[in-house]
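Participant: This structure is in structure tokens; I'll ask about it shortly.
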Amino acid sequence: MSLRKRQTTSSTETVAQTATSPPTNVGFDVDRPIPIITRTLSGRQSKILERRARFLKAKAKASQPFWRSPTFQVMMTLSTILLMYLSYQVSNGLNQRVVSAGKGRSAVKKQPVPVKVSKPPTPQTTSIRYGEEPKKKVDADVFAAEMMNNIVVRDVEGKGKGTIALRDLVRGDRILVDEPILTITRDASDAAVESIITQIGNMTDSNLSAFFSLYYPSTVLMADGTQKPINPEEIDMPLAIVQANSLAIEGGMQAVFPKAARINHGCSAAFNAVHSWRADEKKLYVHALRDIKAGEEILISYLDTKRPRSDRQSILSMHYHFDCTCSVCSLPESKAAKSDRLLLRMHHLYSKLQTWTEDEIDGVEAIDVINEIWETGEEERRTQLASNAGLVATAHSDVESAKAWYMLAAQTAVYELGAGSHRVLELVNLAGATDSTAYPSWAAKESMTVGGPRSGFGLSDAAALAKVREESREGEAV
């Protein structure tokens with residue numbers, strides 16, 4: 168079983184600041200922990216018992232062998248009737264042929280059968296003309312991920328279940344596409360808990376089986392911060408499954424994805440994949456953040472890992488009930504100390520960048536901070552960071568720097584979100600905008616040249632921008 172929880176370091180397709188945002192309230196998103204669903208099971212005992220009964224019924228349905236299910240019995244009955252009908256038709260047809268053959272022999276005089284010489288059949292060839300559109304378009308990424316078996320879920324020592332790459336993946340490869348089997352608001356209300364029970368009761372047999380096969384901890388986190396031991400026969404169990412396996416999506420909602428729930432956690436530089444939610448498709452996409460070798464475990468991050476190892480281990484143990492053994496947490500003490508110092512530096516830089524929204528630092532200082540973060544390592548070179556830099560540049564009316572940063576954001580978004588993401592096209596349009604009104608929070612702060620990405624960081628010419636634009640359009644057409 169997979170050790171779960173969702174991270175704040177995943178890519179989302181939410182624009183940091185829209186064009187309609189008031190210029191006096193300029194800001195951008197920074198990574199924050201996602202609240203966990205909690206509730207207190209006190210009072211309203213009759214309702215709790217009713218919910219428990221509904222849960223037990225759904226659980227029994229999920230554990231019932233398929234051959235004993237009503238669906239299987241109906242299928243067997245229909246199959247028997249169909250076989251009897253086909254047998255009757257075959258038998259009746261043979262009888263009619265025998266009778267017809269007997270009549271034909273007595274009434275028709277035998278005639279010599281002429282021998283005909285025919286030309287050999289002309290071989291049939293199939294050709295595809297250049298420029299022809301296929302009748303049905305096939306998503307090449309989905310074909311590669313689903314049909315060519317990029318991944319497999321198998322047992323991982325010390326972790327339960329995990330997701331393993333079956334072939335070499337390169338940065339930007341789509342790993343999987345998943346749809347939610349349960350969605351819920353991120354609050355602790357009775358209505359939210361009732362929604363969980365109702366959705367479980369309405370699940371298909373396959374989704375029900377997938378839901379109850381997911382990992383859940385031995386305790387459930389209560390509203391007061393205490394841990395309550397779980398009784399598998401009580402309604403705490405589905406709540407614990409949601410707590411341990413849900414991902415934040417949109418509008419204060421979170422969802423359980425059966426495939427993505429099998430991807431384990433990695434801290435800092437250890438995670439190699441990132442997920443994004445496409446609201447227009449109602450689907451979750453997972454892409455490779457860097458190159459992944461065949462046989463390597465695919466990892467995402469469940470939390471903001473820009474903190475010392477002891478702090479990360481404490482949070483993971485408290486909320487998700489496992490001791491992280493990723494490559495970063497397994498470093499020798501001397502290397503672990505160096506890693507902790509670097510992560511603390513990252514935390515300080517992100518905190519300093521946030522002060523730009525409060526005018527404690529100006530645009531030049533903010534861009535210097537972003538460039539320093541970007542230089543730190545590949546795991547920090549993310550779409551949101553480059554997009555935030557574009558926002559800083561537009562707020563200070565620096566068009567050229569804004570275009571350079573949005574161009575860089577578009578390039579990284581192709582890898583993180585996939586070329587078919589609407590967010591990629593938005594960033595491409597911002598990078599090529601000719602009208603300042605297209606930029607969010609234009610001239611919201613003092614006009615100044617803040618600076619673009621340092622040499623070698625990203626795209627630098629019109630041809631490169633055209634290439635990213637073409638990739639995004641191709642992704643949209645698929």
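Mapping of the sequence shown onto my numbering: position 443 corresponds to residue 610, and the numbering continues sequentially without gaps. Even glycine gets a Cβ: it sits at the ideal position worked out from N, Cα and C.
Scan the segment 304–387 and note each continuous alpha helix (DSSP H) run of 4 residues or more that stays entirely inside, going in chain order.
Facilitator: 357–368 and 372–379
Participant: Pick helix, strand or coil for Leu470, following the three-state DSSP scheme.
Facilitator: When DSSP states are grouped into helix, strand and coil, Leu470 belongs to the coil group.
Participant: With DSSP as the reference, identify every bridge partner of Ile459, one or two as the case may be.
Facilitator: Leu336
Participant: Taking Cys493 as the reference, which of Leu250, Gly325, Val319 and Thr244 has the closest Cα?
Facilitator: Gly325
Participant: Can at least three beta-carbon pairs, one atom from the segment 493–510 and one from the segment 352–371, be found at a separation below 8 Å?
Facilitator: no
Participant: Is the beta carbon of Ile351 less than 9 Å from the beta carbon of Ser413?
Facilitator: yes
Participant: Just to confirm the assignment, what range does the alpha helix (DSSP H) spanning Ala504 have?
Facilitator: Glu500 to Gln521
Participant: For the pair the segment 513–520 and the segment 438–452, tell me if three or more CB-CB distances fall below 8 Å.
Facilitator: Counting Cβ pairs under 8 Å, fewer than three are found: no touch.
Participant: Take the Cβ of Val319 as the centre, count every other Cβ of all protein chains shown within 10 Å, and call the residue buried at 16 or more, exposed below.
Facilitator: exposed
Participant: State the start and end residues of the unbroken beta strand (DSSP E) segment that holds Met420.
Facilitator: Met420 to Val423
Participant: So, helix, strand or coil for Arg479, using DSSP?
Facilitator: DSSP places Arg479 in helix when its eight states are reduced to three.
Participant: Under DSSP, the alpha helix (DSSP H) around Arg590 begins and ends at which residues?
Facilitator: His589 to Ala598
Participant: Could you check if Glu448 is buried or exposed, using at least 16 other CB atoms within 10 Å of its CB as the buried criterion?
Facilitator: exposed
Participant: Considering Ala440, what are the terminal residues of the beta strand (DSSP E) in which it resides?
Facilitator: Here the beta strand (DSSP E) through Ala440 covers Ala440 to Arg445.
Participant: Hey, which unbroken runs of the alpha helix (DSSP H) at 4 residues or more fall wholly within the segment 549–574?
Facilitator: For the segment 549–574, whole alpha helix (DSSP H) runs of length 4 or above, ordered along the chain, are 550–562.
Participant: Going straight from the alpha carbon of Thr205 to that of Pro384, what length do you get?
Facilitator: Residue placement at Thr205 is poorly supported in this model, since its pLDDT is 40, which falls under 50; the coordinates are not used for a value here.
Participant: Based on DSSP bridge pairs, tell me the residues matched to Ser413.
Facilitator: Val423
Participant: Go to Lys158, then tell me how far its beta strand (DSSP E) extends in each direction, as first and last residue.
Facilitator: Because residue 158 is not part of the residues shown, which for the chain are 168 to 645, the question remains open.
Participant: Within 10 angstroms of its Cβ, does Phe418 collect 16 or more other Cβ (buried), or is it exposed?
Facilitator: Reading the sequence as shown, one finds Gly at residue 418 and not Phe. Exposed.
Participant: Should the segment 417–433 be regarded as contacting the segment 456–463, the criterion being three or more beta carbon pairs within less than 8 Å?
Facilitator: no
Participant: So for Glu547, helix, strand or coil by DSSP?
Facilitator: Three-state DSSP puts Glu547 in a helix.
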